[in-house]
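The first sequence lines up with residues -10 to 461 when you count with the numbering used here.
Cβ atoms here follow ideal geometry from the backbone N, Cα and C, with glycine treated the same way.
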Amino acid sequence: MPRVRFAPSPTGYLHIGSARTFIFNWLFTRKNNGTMILRIDDTDIDRNTETSLQSIYDGLNWLGLGWDEHYRQSERLDLHRRQALAIFEKGLAYRDFTPAHAGADDDERKSAWLFNPGMPDLPREESDRRAAAGEPFVLRFKVPRGTGRVIRFADGVYGEQEKDADDVEDFALLRSSGLPTYHMASCADDADLRITNIIRGQDHLSNTFKHILLFEAMDAPAPEVAHLPLLIAPDGSKLSKRRHGPVVSVTTYRDAGFLPHTYVNFLCLLGWSPKDNREQMTRQELLDAFSLAGVNRANAVVNFTEADPIDPKALWLNSQHLRAWPVEELIPLVAAALTAAGLTPPGDAAKFGHTIEVLRSRFASLLDFAGRGRPYFSDEFEMQPDAAAKLDVPQARELLRELGARLEKAPEYTEASVESTLRELAAEKGVKAGVLINGARAALTGQTAGPSAFAVFDCVGRDRAVARLRNL
RNA sequence: GGCGCUAUCGUCUAAGGGUUAGGACGAAGCCCUCUCAAGGCUUAAAUACGGGUUCGAAUCCCGUUAGCGCUACCA
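What follows is the structure, encoded as structure tokens:
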């Protein structure tokens, strides 16, 4: 049974790229009857925050996919340290007493990137003596350079990979503070948690060569790896909080009124394809279609502008799901959107559902229900100028008030009965039905655009409709 | 600089030796229509560049260019 992990570090909010990595991990796991592990990689005590951790949980919970096991690296530091020391005892790592490169410029670093002179070959006695004397050091892995060693692995997306050990630098395992580095903590945990498959961003592709070496040093089997192309900005640069602001956060989409599943679906389409032209897919369809073979190798651009942080395709996808989603599942989501906007959701679930059905084909976001949909849920709404103009034609107000009066007295009030009442009135007065129809929509909603006027009557209800006509 | 990865319409992608290079978003137009949507139809829009290999290359190989990643006591 596959054991798969998603390992975010809590140094910011849940990033759109992280969310996608999580989703792909989740799909892979569920598809293969595996165990999904959420591991918080919080070994960088200087940059980790509790609010960031919370926003990651919030984001993941919003996606609604879930996980099976949960760990925090900060609670497992002993394990990492023990593994690092074991590697050291095997002679596969060494203490590097060189002070941190505080002011080292680029040229200097690049000319001496492999290791700090003298340190790999420091005699054990001297190393022990200096360590015992309290001299700070980082523990570095001793990469087998000059041995002709070629490190190889097969990536699930990028295929066969190889690199000369000569091209790998002596990376750190333990910092001078004694805390493990990412590489050490990650591999020690992957080994300890018996992770079988790693699916992560392509930024780790080069790191994998180091990790292969580490797994060997720990006598642990290396998990299978698959790397995902990165999500990038329209200008080709990496998505970053500093440069691109909130577009990189999943909360942007949540707050824009997206269905959680739309976001999942949208993210799946960035760097992956079912190969059969399908785009709008249910969770089950994604599960059925998902395969690492369908993952692309080129980075994918998230299409946004400063003016509009939402990718147009994502918005379209949301409108599609909004249309197809079971109304009963939509009700709580729309209710939440209404409440958030200070409106009161209708108590009658059947009528509420009907109104949602009437409106949703012209909405793209849950927010639209409280925005353009406001007149359907509240008596306080604005009369748009073009709607007012519709009412300012000769006789319009007078006829609509008359219509209101007739509807108030009518024996029944349904879409069909309203229609016949309206058409009778139009015929009687010798005006085109369209004048009354469009006028009624304007009067009832303050808008010229919207559902069929008769559906509007139905949704708004008799009392409100009559009142709105009377008050013209 | 070194090493690695990548390159099809503006964007997401399909086509893994033989296609008029397909679909979707977005854009434009038409149909439908009580308005607006939805829906249907149509149009514009791409194989980065240069060499090979081959009867035949978007597809395989090499080079160039560009982008991205790693090269931290970040992850």
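With a threshold of 16 other CB atoms inside 10 Å of the CB of residue i, please say whether the residue is buried or exposed.
i, result
"Lys398", "exposed"
"Gly336", "exposed"
"Ser467", "Any question about residue 467 goes unanswered here, given that the chain covers just -10 to 461."
"Asp159", "buried"
"Asp297", "exposed"
"Ile34", "exposed"
"Lys79", "exposed"
"Ile308", "Per the sequence shown, the amino acid found at residue 308 is Ser instead of Ile. Buried."
"Gln384", "exposed"
"Ala376", "buried"
"His310", "buried"
"Pro210", "exposed"
"Arg232", "exposed"
"Arg349", "buried"
"Thr170", "buried"
"Lys131", "buried"
"Leu355", "buried"
"Gly423", "exposed"
"Val323", "buried"
"Phe(-5)", "buried"
"Gly246", "buried"
"Asp110", "exposed"
For residue i, I'd like the list of residues in its chain whose CB is within less than 8 Å of its CB, leaving aside the five on either flank, ordered along the chain.
i, result
"Gln421", "For clarity, residue 421 is Lys in the given sequence; the question names Gln instead. So the list reads Ala415, once near-sequence residues are dropped."
"Leu327", "Thr333, Pro334, Phe358, Ala359, Phe366"
"Glu408", "Phe443"
"Leu389", "Leu380, Leu425, Gly428, Ala429, Ala432, Leu458, Leu461"
"Met207", "Gln72, Ala75, Ile76, Cys176, Ala177, Ala180"
"Gly234", "Pro298"
"Lys302", "Phe255, Leu258, Asn292"
Mind checking which residues open and close the alpha helix (DSSP H) that includes residue i?
i, result
"Asp375", "374 to 380"
"Ile426", "422 to 434"
"Asn186", "Not the alpha helix (DSSP H): Asn186 falls in the beta strand (DSSP E), residues 186 to 190."
"Ile320", "316 to 329"
"Ala122", "Neither: Ala122 is in no alpha helix (DSSP H) and is coded neither H nor E."
"Ile34", "Unbroken run through Ile34: none, as it is neither H nor E."
"Leu54", "From DSSP, Leu54 is part of no alpha helix (DSSP H); its letter is neither H nor E."
"Thr410", "404 to 418"
So, at 6 Å on beta carbons, what are the nonlocal neighbours of residue i in its own chain, with the 5 sequence-adjacent residues on each side left out?
i, result
"His4", "Val237"
"Ala187", "As written in the sequence, residue 187 is Ile, which differs from the Ala given in the question. Within the same chain, Ile187 has close Cβ partners Pro212, Val214."
"His200", "Cys176"
"Gly395", "Going by the sequence as given, residue 395 is Arg instead of Gly. Same-chain partners within the cutoff: Thr410."
"Gln436", "Gln373, Ala376"
"Leu319", "Ile345"
"Ala456", "none"
"Gly362", "Leu348"
"Gly145", "Ala215, Leu281"
Go to residue i, then tell me how far its beta strand (DSSP E) extends in each direction, as first and last residue.
i, result
"Glu151", "148 to 153"
"Phe160", "It is not in any beta strand (DSSP E) - Phe160 carries neither H nor E in the DSSP assignment."
"Asp85", "82 to 85"
"Tyr60", "58 to 61"
"Glu213", "213 to 217"
"Met108", "It is not in any beta strand (DSSP E) - Met108 carries neither H nor E in the DSSP assignment."
"Ile26", "24 to 29"
"Ala143", "139 to 144"
"Arg(-6)", "-8 to -5"
"Val127", "127 to 130"
Could you tell me how far apart the beta carbons of residue i and residue j are, in whole angstroms, since I believe they sit closer than 8 Å?
i, j, result
"Asp368", "Arg451", "Actually they are not in contact, since the Cβ atoms of Asp368 and Arg451 sit about 14 Å apart, beyond 8 Å."
"Pro(-1)", "Thr38", "6 Å"
"Phe11", "Val(-7)", "Their Cβ separation, rounded to whole angstroms, is 10 Å, which puts Phe11 and Val(-7) out of contact at 8 Å."
"Met108", "Phe142", "Actually they do not touch by this definition, with Cβ atoms about 28 Å apart."
"Leu306", "Glu268", "7 Å"
"Pro(-9)", "Gly23", "3 Å"
"Phe198", "Ile140", "5 Å"
"Leu42", "Trp15", "Not quite, the Cβ-Cβ distance comes to about 19 Å (not below 8 Å), so this is no contact."
"Phe126", "Ser165", "6 Å"
"Ile29", "Asp57", "Actually they do not touch by this definition, with Cβ atoms about 15 Å apart."
"Gly283", "Trp261", "5 Å"
For residue i, collect the residues of the same chain with a Cβ closer than 7 Å to its Cβ; drop the 5 residues on either side in sequence, then sort them by chain order.
i, result
"Glu391", "Leu414"
"Ser250", "Residue 250 is actually His in this sequence, not Ser. If we look at His250 and ignore the five residues flanking it on each side, its Cβ neighbours are Arg272, His310."
"Tyr147", "Leu194, His216, Arg286"
"Lys20", "Leu276, Phe279"
"Ala120", "Arg84, Phe126"
Evaluate contact between the segment 211 to 222 and the segment 287 to 301, counting only Cβ atoms and requiring at least three cross-stretch pairs below 8 Å.
yes
When you compare the segment 105 to 117 with the segment 161 to 171, are there three or more beta-carbon pairs, one atom per stretch, that lie closer than 8 Å?
With the cut-off at 8 Å, the segment 105 to 117 and the segment 161 to 171 do not touch.
I'd like to know if the segment 167 to 182 and the segment 148 to 155 are in contact, where contact means that at least 3 CB-CB pairs between them fall below 8 Å.
The segment 148 to 155 and the segment 167 to 182 do not touch, with fewer than three beta-carbon pairs separated by less than 8 Å.
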